[in-house]
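One structure is given below, encoded as structure tokens.
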Amino acid sequence: PRAIAIAVVVGVGVLLLLRELLSLTDDDADRDAQAGADGRGPTWFGINASNRWVRVGVIAVLTTAVFLAVSAILKDTDGFHLKGIPVEPIALFVLIALSPVAAYVATARDARRFVLGALVAMLFWFVLWYPNISALPLPSALHNAYQGFLPSYLYPFQFWVNTDERAAAPPLLALGPGVLLAVLTFTSVVIAYSAWSWRIALAERRRDLLAGGDDAQAGVGGA
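Mind the numbering: the sequence shown is residues 15 to 237 in this note's numbering, read in order.
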């Protein structure tokens, strides 16, 4: 129960953080900042939550507090034993839980913020997971928390030895890999050109709108 509770708390906290970091554009951030300056923004626990970074800080603090509370209240000795658990329902549950993350990734509109968020997530995941992948002896509480995410990789778990002869690896410099490399290169160039053309079109549209506004103001001034 402790490992499950920790997984739920961390999962919800990460989803909320991703929602705040990936779903907003610069225009939304400016609008929220203006609402906060005017005193019209939402309030969380008496704190003005108009600024995106304020909301991120509140979510991080609350997630950490609930994580510590769950770790202190639930004990490892209160676990339960199950046998013959199929992995398919677990995979389906994880798929449903990660669907919001996939939705944020698919609908991300700011490429720079998305890349920055991905790099931060990679760094955070490495720091969080390094004790488990480094083969260091860990306290039972921390070790069991990791096993909530990887239930099959216990310390005494060993891979079976494959005594079959290894199949010959396909050659790297051959027709198949060369065709695949050419197709991937062509696809990457097409996508990069499409993204560049789209950004140029948006910039020209914004320029035309600004030029139209300046012309209208000049006409009013002349009149």
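For every residue, glycine included, the Cβ atom is placed at its ideal position computed from N, Cα and C. Given the structure is predicted, the values throughout are model-derived calculations rather than measurements.
Would you report the Cα separation of residue i and residue j, rounded to the nearest angstrom?
i      : j      : result
TYR160 : TYR207 : 43 Å
ALA135 : GLY27  : 13 Å
ARG16  : TRP174 : 31 Å
LEU150 : GLY25  : 25 Å
PRO185 : LEU223 : 56 Å
SER211 : THR201 : 15 Å
THR77  : ALA105 : 24 Å
PRO103 : LYS89  : 26 Å
THR199 : ALA188 : 17 Å
VAL68  : TYR144 : 29 Å
GLY98  : VAL108 : 19 Å
Since residue i contacts residue j with CB under 8 Å, what's their CB separation in whole angstroms?
i      : j      : result
ALA74  : LEU31  : 7 Å
ALA122 : PHE128 : 4 Å
Pick from the options: whose alpha carbon is nearest that of residue i?
i      : options                          : result
GLU34  : VAL23, LEU152, TYR118 and LEU216 : TYR118
ALA116 : LEU82, LEU29 and GLU179          : LEU29
ASP124 : ALA209, ARG221, ILE18 and ILE20  : ALA209
ALA83  : LEU142, ALA19, SER113 and PHE140 : ALA19
ALA111 : VAL203, ARG126, TRP143 and VAL22 : VAL22
LEU142 : VAL70, LEU130 and LEU156         : LEU156
Mind checking which residues open and close the alpha helix (DSSP H) that includes residue i?
i      : result
GLU102 : 101–120
ARG127 : 125–147
VAL175 : It is not in any alpha helix (DSSP H) - VAL175 carries neither H nor E in the DSSP assignment.
LEU187 : Counting along the chain, LEU187 falls outside any alpha helix (DSSP H), and DSSP gives it neither H nor E.
ARG180 : Taken as a continuous stretch (DSSP letters only), ARG180 belongs to no alpha helix (DSSP H), as it is neither H nor E.
GLY71  : 66–87
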